[in-house]
Amino acid sequence: MSKLIMNRRGLLKTGAVVGAGMAMPTILTAASHAGYTNAPTGSTVTLGFNVPQTGAYADEGADELRAYMLAVKHLNGGGDGGMMNTFSSKELKGNGILGKEVTYVTGDTQTKSDAARASAQSMIQKDGAVMITGGSSSGVAIAVQGLCQEAGVIFMAGLTHSNDTTGKDKKANGFRHFFNGYMSAAALAPVLAEMYGTDRTAYHLTADYTWGWTQQESIQAATEEKGWQTAANVLTPLTTTDFSSYVAPVLNSGADILVLNHYGGNMINSLTSAVQFGLRDKQVNGKNFEIVVPLYSRLMARGAGENVKGIFGSTNWHWSLQDEGSKAFVQSFGQEYGFPPSQAAHTVYCQTLLYADACERAGTHNPCGVAEALEGFTFSGLGNGDVEYRAEDHQCFKDVLVVKGKENPTSEFDLLEVVQVTPRAQVEYAVDHPMFAGGALGSCNPGS
Amino acid sequence: MDAILLQILNGIDKGSAYALIALGLTLIFGTLGVVNFAHGALFMIGAFVAVTVGKVLEISKITLDPEKTDFLGNPAKIKTPYITEWFGDFGFWLIEWSVLVSVIVAIPIMILIGVIMERGLIKHFYNRPHADQILVTFGLAIVLQEVIKAVYGANPIPQSAPDLLKGSVDFGVMIGMAENSVIYPLWRLVYFCFSVLIIGGVFAFLRFTTFGMVVRAGMADRETVGLLGINIDKRFTIMFGVAAAVAGLAGVMYTPINPPNYHMGMDFLVLSFVVVVVGGMGSLPGAVAAGFLLGILESFASMPLIKDAIAAVGLPSIDQIIIYLIAVIVLLVRPRGLMGKAGMMEE
Amino acid sequence: MGILEVQNVNKRFGGLQALNNVNLSVEQGSVHALIGPNGAGKSTFLNCLIGKLKPDTGSVMFDGKPVLGKKPHEINQLGVSRVFQTPEIFTDLTVFENVMIPCFAHRDGAFKVNAFARVLRDKEIRQQAEHMLEDMGMKDKMSVHAGSLSRGDKRRLEMAMCLVQEPKLLLLDEPTAGMARADTNNTIDLLKHIGESRNITKVIIEHDMHVVFSLATTISVLAQGAIIAEGLPDEIKGHPKVREAYLGEAEV
Amino acid sequence: MNLMKDRLLLIIFAAVVLAAPLIFAPTGAAYPDLLQRFAIYGIFAIGFNILFGLTGYLSFGHAAFLGVGSYSAVWMFKLLSMNIVPALLLSIVIAGAFSLLIGYVSLRRSGIYFSILTLALAQMSYNLAYSVLTPLTNGETGLQLRLDDPRVLDAAGDAGSLPSTNFFGLEMKEVFWNPTIFGYDLQFNWGYYVCAILLIASFWISIRIFRSPFGLMLRAVKTNQTRLNYTGINSRPYTLAAFVISGMFAGLAGGLLASMDPLAGAERMQWTVGGEVVLMVVLGGMGTLIGPILGAVFIKYFENIFSKINDGVLHGWFAIMPEWAENAMVLIISPFVGKGWHLTLGALFMLVVIFLPGGLVDGAKRIGRVVTGANRRAAKVGIE
């Protein structure tokens, strides 16, 4: 592939397009009558990167943005090309998407459905974005996915782990690269059974909202299948900051495993409390008490500090993977920013490339064409082994990582170690699985 | 029994934080008549003083390790904190006990921040309506937390307790109960003792020093004290500094309990206002009592037993809303709060 | 039977007996002055009349209707207005608006949904208010913010706000406190003038004996929460108990 | 005299609102979604101003009514029809009923106690909506339309895609005219004009309330409630009426939000959203007619435009400078825009409260006075 050398300054300028818009005419938008919303007419194509920049997940959003900018750079032929070199599909040439230079706009979701939709709307209506991507919570992902469906643009979901995103709230214009609660559970349960035995009793603390519930449901089902029992499932309010009163009763409940179905700040605080209460030093039913965190992210691990040591969980991707794709991505991201990428960065980078590749293969930016190209698409070389975007629900199926908090981290980024790469076959499920039932994909909407 | 004892411990532990923040809040209201929405931000700043101290102590000399490589294949860096080079074991000790160092550092810093805040901003709002005070301090709270976010990011930053005080103790055995019945984290007990110390200190200061007596007299009747030729304003300014220091210390000591983040102040703000209201606006003992009381009630509400019982009647679990529910009930039934002055806000 | 009948009213604040078995009967059309040394319970008594305080025991009948337990606005709607010791006016509103509010209250009652009427199109109210301000000699200050008035003007404005309601009973709490002699005389004239043109019964609390003896038709003396004497001004002047309790220290 | 002025104000206001897609074009805000938000939050702020601006009662709980309005509207879309009229009506009614309940409870107290009561009640509503009431609110995700909704009146639609909200056939999301004027590509959209008409109507109602005896009583509550009571006015029903009116405006705004974009999220009920409308009213000028709308436009502009200025855009702005100067400028400005927009907003808000208690309207007046120079003495007398 061609390696256009471009300095950072030049790239940023081209990537800058609209945004603020002061004294700048707005780009042609909505009803451009090319058969679909925001058909790019000039020499550029605009993508909308909608990530949390304020609020508790701002750091995760910042990492996503870094990866997006890197992806744009690679798509436009800058840098070392990253995973474009290892990607099994060879359509991308480093000349943008379908020959049009890739530009982008950024927005702030604030991790609120409302703000996220407003931000996405402005990208669609004002900036002429033909694809929206990003986010750091399932609520936001589902809300923005619904919007993109109605507006007629493609949505690549970013970080969303709830079963509902590709379950009862799935949409024809939306695709999810990230794994989900069911897959976490399916990957974790065998490892847990192997490590801790099949005669275990689990106590669940669950964040009291949709994601928490689907996560808990999945884990409970998967572990009970392995012979575990469930002592209790206690719902904790989202706004809880001190989990001591939820953690304190665990030790005398007869359970010998604590499952924390929490994410972000909730998970950091509940895990910290659990470790403080000395749960992991105790023996119950003659077995060592253990804690499990089904969904890990590196930022969370960092926030929880030394408390994550030895604690099992699952993650979508980790920079220590040694396949060619992962290595190329870590190298290229590390060169650019000086530290290894997070799973959020990896997910959104992949999604940007996959979108671009689908456009190339479809020969159009038309969301219906792109969706068709993505449906049932199988590929490799982007980490996580052989991957498939299932046509029926637009869920991505790939290997899932079971990880554990590292005992002796060598740097502030080296917090998790991969225990097992659970093969894709083990985490797959039927389209009509009851945990995912109740929605309809609908048909793709190209907008006006 | 042990479950109840555990929740009481949790309650007084949460209550410690509530009481410390509410104490300063009510002190400011009692002395200056100002409703300070930025008080939660002072708690947060205290926590970030601890973060900063930790980071400063760990400023390191970087040497390259030729044998190891980092993730990009470059030679790995070895970090040696300067302080350990200079002071040896004492340096390591300082890093380990950085919370303690932070406490000492935080006192002057927080008093200074408090005094600057009062002289620079709050002073100009004494004669403006409460609504204006709420609004300007609310704005200040946003600014302070966004500045912290710009510097430290949005992700929580873990701080550990000294090794000696990490982990948990068997509190049950200490008081003659069966083994393993009441296990409680050591640091949370330390936090409780610390807060009792601070609360006691503030009360003693107000009760037994001349300065404190004048301040109390001024709280009761500002004009008369002014007529006696005493510069009450200056003392009130210092009390603002003290209130800020109390909130700040609460924040410093809180860091090993939960990793601090930039919005922790806002999380505590609404709660601490509820505490002040329940205790009685302007009442110091009220704030402390209400802090512990609400902490305990909140803990009880989150017991699985109680949650199940409530769910059985078909009601939503009240641990989500108990604090607000209590606030509403108190405001309607006894608006002056548990220990507020009679007649206050009863109209 | 007087327009205001107060019987056996008691009010206690902790250990202090603020009102001790107070009985009072105010005749229709009279000017009834209530005098007594500081802390005698005069203001407490007025506060009981307007619903700000609730006596522990006793009854207060106004115009044949019980007053106790009623809310301030209900008592006002019965026809009782009060001028406060420090003027209570709407400082952020204009003088004109200040006077229009009692006009509305008088005509439309305690509450009326009139969100779509226009204040300035209400001729009746405008005329009433303008007329009253003219009477008070404040017409030139109509569009001034009440907060920026002088102390004397504030007091006159408050008086106007009470009078425009045509109350049956007007309570005046030291209407001349802190006034210069000339202003005091003006106020006396004003109050006399009001008494003549409208048939308003007045209860007046006053320290200034000049004012009291210029206006009052009946005087009651309150000391330590109890009425110790009552009668015509001349009787009170010579009353030994009163002299002892009060007048001994005042100018007569 | 006053009457003429009001009429003129209304006409100018209506003209500006109707021409907004053109007027806002140079600012980059002239796209349907943001214009709709300007108008909707303008309505929200107008309503809030009737409570806070006139009576001085500072409620932190009005987000709850906004949320309730949205939920009601979406349920109407799900169950009855995609026509926005029944949805908006239900929003107003339900929000009105809910505010009657909350107002009845919280107006028993005043001052800071009232504020804390409303805050507590709103936060309770938010917590419940987020989790326990999920069957009604769809919790974290927010209530949205589904293909299998019953929709009694107009269930038949295209299979596979959701029908859009409409006003008797006019689709809210449709851009009906798309001309290019002065080099700007303009989008005239039905949804915006529905919001615009309702905004103008709300503004008219607000003028009428300001000038009515009712409005006079509310202002009297703010300046001296004691006197008002001793003047024979029962202030409680007045404040309660103001509370309910503002709640209904909030409900209308919530219903409109859902009509423009049929999704209702629980975050809409959070007390910080209630705080946002306070910011709008104060920033614009509380107790003034036009201030709240200015404030709403200002804050929504910030949220949607300022937050999108990333480093790339900044580099674009300063590209004409030498590279070092460009980098320096970007370095200086970037903490305050994009991800730092909250910081700028907070600081700006503080400055307004400190130096311009009358808000932007006050600022404009002061500037006007400086510019004209005339009437300065007269104005001064008026202030004192």
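Residue numbers (the numbering used here), protein chains in the order written: chain B, 1 to 448; chain Z, 1001 to 1347; chain C, 2001 to 2252; chain S, 3001 to 3384. Note that CB positions come from ideal geometry on N, CA and C, so glycine has one too. This one's a predicted model, so the numbers in the text were calculated from it and none came from an experiment.
Whose C-alpha, out of Z/V1214, Z/I1148, Z/E1223 and Z/F1211, is nearest the C-alpha of Z/G1046?
-> Check the Cα spacing between Z/G1046 and each of Z/V1214, Z/I1148, Z/E1223 and Z/F1211: the tightest is with Z/I1148.
With a 10 Å radius around its C-beta and 16 neighbouring C-beta atoms as the bar for buried, classify S/T3226 as buried or exposed.
-> Of the residues assessed, S/T3226 falls on the exposed side of the cut-off, its CB having fewer than 16 other CB atoms within 10 angstroms.
Which of helix, strand or coil DSSP assigns to Z/A1076 | Look at Z/A1076 here: in three-state DSSP terms it is strand.
Would Z/Y1152 count as contacting chain S if we go by Cβ distances under 7 Å?
-> No, its Cβ sits nowhere closer than 7 Å to a Cβ of chain S.
Pick from B/P434, B/G313 and B/A202 that is closest to B/M267, judged by C-alpha positions = Of the candidates B/P434, B/G313 and B/A202, B/G313 places its Cα closest to the Cα of B/M267.
Start and end of the beta strand (DSSP E) containing S/W3177?
-> That run of the beta strand (DSSP E) goes V3175 to W3177.
Same chain, Cβ closer than 6 Å to Z/L1228, neighbours up to 5 away in sequence not counted = The beta carbon of Z/L1228 lies closer than 6 Å to none in the same chain, with the five residues before and after it left out.
First through last residue of the alpha helix (DSSP H) which encompasses C/N2098 = C/N2098 -> alpha helix (DSSP H) spans V2095 to D2108.
Residue from S/L3009, S/L3034, S/M3082 and S/L3010 with nearest C-alpha to S/P3021 | Residue S/L3034 is the option with its Cα nearest to S/P3021.
Near S/S3072, which residues of its chain fall below 6 Å by C-beta distance, leaving aside the five closest residues on each side in sequence?
-> Once the five neighbours on either side are set aside, the close Cβ partners of S/S3072 are L3090, S3091 and I3094.
Under the three-state reduction of DSSP, which class applies to C/T2057: helix, strand or coil?
-> Strand.
Proximity below 7 Å, CB of C/L2157 to CB of C/F2062 = Their beta carbons are not under 7 Å apart, which means C/L2157 does not touch C/F2062 by this criterion.
Could you say which of C/S2059, C/K2202 and C/M2209 lies nearest to C/Q2028 if we only look at CA atoms?
-> In terms of CA proximity to C/Q2028, C/K2202 leads the group C/S2059, C/K2202 and C/M2209.
How many Å lie between S/G3356 and S/T3288 at the Cα?
-> Note that residue 3356 of chain S corresponds to Leu in the displayed sequence, not to Gly. Roughly 14 Å separates the two Cα atoms.
Contacts that Z/K1055 makes with chain B (C-beta to C-beta distance below 7 Å) = Under the 7 Å cutoff, chain B gives no residues; its nearest Cβ is about 12 Å from Z/K1055.
With 7 Å set as the bound, which would you pick, yes or no: does the beta-carbon of B/N126 sit closer than that to a beta-carbon of chain S?
-> A small correction: the amino acid at residue 126 of chain B is Lys; Asn does not occupy that position in the sequence shown. Yes - at least one Cβ of chain S is within 7 Å of the one on B/K126.
Scan the segment 222-273 of chain B and note each continuous beta strand (DSSP E) run of 3 residues or more that stays entirely inside, going in chain order.
-> Fully enclosed beta strand (DSSP E) runs of 3 or longer: 229-236 and 257-261.
Rounded separation between S/V3017 and S/I3200 - CA only = If you draw a straight line from the Cα of S/V3017 to the Cα of S/I3200, it comes to about 8 Å.
Report the rounded CA-to-CA distance for Z/Y1152 versus Z/G1033, giving the unit in angstroms.
-> Separation of Z/Y1152 and Z/G1033 (C-alpha to C-alpha, rounded to the nearest whole angstrom) is 33 Å.
Simplified DSSP state of S/R3151, which is helix, strand or coil = Coil, per DSSP.
Distance, B/H346 Cα to B/L416 Cα | Each residue's CA atom was taken as its position, placing B/L416 and B/H346 some 16 Å apart.
Local Cβ density within 10 Å of B/D357, reported as buried at 16 or more and exposed below that | Buried is the call here.
Excluding the 5 residues preceding and the 5 following S/I3299 in the sequence, name in chain order all residues of the same chain whose CB lies nearer than 8 Å to its CB.
-> Same-chain partners within the cutoff: Y3041, E3276, L3279, M3280, L3283 and L3345.
Neighbourhood of B/G254 by C-beta, 8 Å cutoff - its chain only, sequence neighbours within 5 removed | Counting only Cβ-Cβ distances below 8 Å, and skipping sequence neighbours, we find T201, A231, V284 and N285.
Does the Cβ of Z/I1318 lie closer than 6 Å to at least one heavy atom of the ligand COA?
-> This structure lacks the ligand COA, and indeed carries no ligand of any kind.
Does the segment 2141-2152 of chain C touch the segment 2073-2091 of chain C, meaning 3 or more C-beta pairs lie closer than 8 Å?
-> When C-beta atoms of the segment 2073-2091 of chain C are compared with those of the segment 2141-2152 of chain C, three or more pairs fall below 8 Å, so the two segments count as touching.
Residues in its own chain within less than 7 Å of Z/V1288 by CB, not counting five upstream and five downstream?
-> Non-local C-beta neighbours of Z/V1288 in its own chain, meaning closer than 7 Å and more than five positions away in sequence, comprise A1019, L1023 and I1199, ordered along the chain.
Chain-order list of residues whose beta-carbon lies under 6 Å from that of B/G21 (same chain, five-residue window excluded) | Residue placement at B/G21 is flagged as unreliable, the pLDDT there being 37, under the threshold of 50; the coordinate-derived value follows with that caveat. Nothing listed; no residue qualifies.
Unbroken beta strand (DSSP E) run spanning B/N173, endpoints = In this chain, B/N173 is not harboured by any beta strand (DSSP E), its DSSP state being neither H nor E.
Could you confirm whether any beta carbon from chain S is found closer than 7 Å to the beta carbon of Z/Y1262?
-> Interface residue (Cβ-Cβ distance to chain S less than 7 Å): Z/Y1262 is not classified as such.
Give me the Cα-Cα distance between Z/G1015 and Z/F1203, rounded to the nearest whole angstrom.
-> For the pair Z/G1015 and Z/F1203, the Cα-to-Cα distance works out to about 17 Å.
With 7 Å set as the bound, which would you pick, yes or no: does the beta-carbon of B/N59 sit closer than that to a beta-carbon of chain Z?
-> The sequence given here has Asp at residue 59 of chain B, not Asn. For B/D59, the nearest CB of chain Z lies under 7 Å from its own CB, placing it at the interface with that chain.
What residues from chain Z crowd round B/Q216, counting only those whose CB sits closer than 8 Å?
-> The contacting residues do not exist; B/Q216 stays about 15 Å from chain Z at best.
Between which two residues does the beta strand (DSSP E) containing Z/Y1184 stretch?
-> Counting along the chain, the beta strand (DSSP E) containing Z/Y1184 begins and ends at I1183 to P1185.
Buried versus exposed, by CB contacts within 10 Å (16 or more), B/T41 | Counting Cβ neighbours within 10 Å, B/T41 comes out exposed, since fewer than 16 surround it.
Can you grab the Cα-Cα spacing for the pair B/L47 / B/T106, in whole Å?
-> Between the alpha carbons of B/L47 and B/T106 lies a gap of roughly 9 Å.
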